[in-house]
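So that you can map any letter, position 66 of the sequence shown is 66 in full-length UniProt numbering, and since no number is skipped, the others follow by simple counting.
C-beta: ideal position from N, C-alpha, C; glycine also.
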Amino acid sequence: MEKHLILPDEGSTVALGERIGNACRGGETLLLTGELGAGKTTLVRGVARGLGITRGVRSPTFQLLREYHGRLTFYHADLYRFEPGGDPAAELGLDELPGPGGVLAVEWAERGISDVGGLAIELEFEGTGRRAVLTTTDAGHLHLLAGVEGWNV
Numbered sequence: 001m002e003k004h005l006i007l008p009d010e011g012s013t014v015a016l017g018e019r020i021g022n023a024c025r026g027g028e029t030l031l032l033t034g035e036l037g038a039g040k041t042t043l044v045r046g047v048a049r050g051l052g053i054t055r056g057v058r059s060p061t062f063q064l065l066r067e068y069h070g071r072l073t074f075y076h077a078d079l080y081r082f083e084p085g086g087d088p089a090a091e092l093g094l095d096e097l098p099g100p101g102g103v104l105a106v107e108w109a110e111r112g113i114s115d116v117g118g119l120a121i122e123l124e125f126e127g128t129g130r131r132a133v134l135t136t137t138d139a140g141h142l143h144l145l146a147g148v149e150g151w152n153v
């Protein structure tokens, strides 16, 4: 199943992330892709807000994996520094995450995450805003698409 959404500004990107975070029940994996500056970290900040996390979320580019605590434990990974074709999931222990009480968001997922069920979120530049393409074939993540049903900014 796939949804295409228009995000005219940064606020709408955060709002979409917040709706996704609100819909999370635990055990979800969010796989984010898109060019540098496309809004991946901005969307992740919204997801964190939807999970009740008040601590500021920063890109884990140098730390690679950050953990936050809210309604669910939120793991935020960034694979930007990994070369395509490596196995960052094993190196960072992502194959053990998120567990039933957590949510895992992976930026630059195309650099080493494959064959993992989850919600794929591709962010693309569109005019002065962004387009988000949300895709899943995993029945365990369909509720996240339902969480953005009727999206209108």
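{"Check": "Close Cβ partners of M1 (< 8 Å) along its chain, the five nearest in sequence each way excluded", "Outcome": "T135, T136, T137, L142, L145"}
{"Check": "DSSP three-state assignment for R71, whether helix, strand or coil", "Outcome": "coil"}
{"Check": "Distance between T33 and G50 (C-alpha atoms, nearest Å)", "Outcome": "20 Å"}
{"Check": "Host beta strand (DSSP E) of I20 (start-end)", "Outcome": "Segment 10 to 23 is the alpha helix (DSSP H) holding I20; no beta strand (DSSP E) there."}
{"Check": "The region 69 to 77 in contact with the region 101 to 111 per 3-pair CB rule at 8 Å", "Outcome": "yes"}
{"Check": "Cβ neighbour criterion (16 or more within 10 Å) applied to R81", "Outcome": "exposed"}
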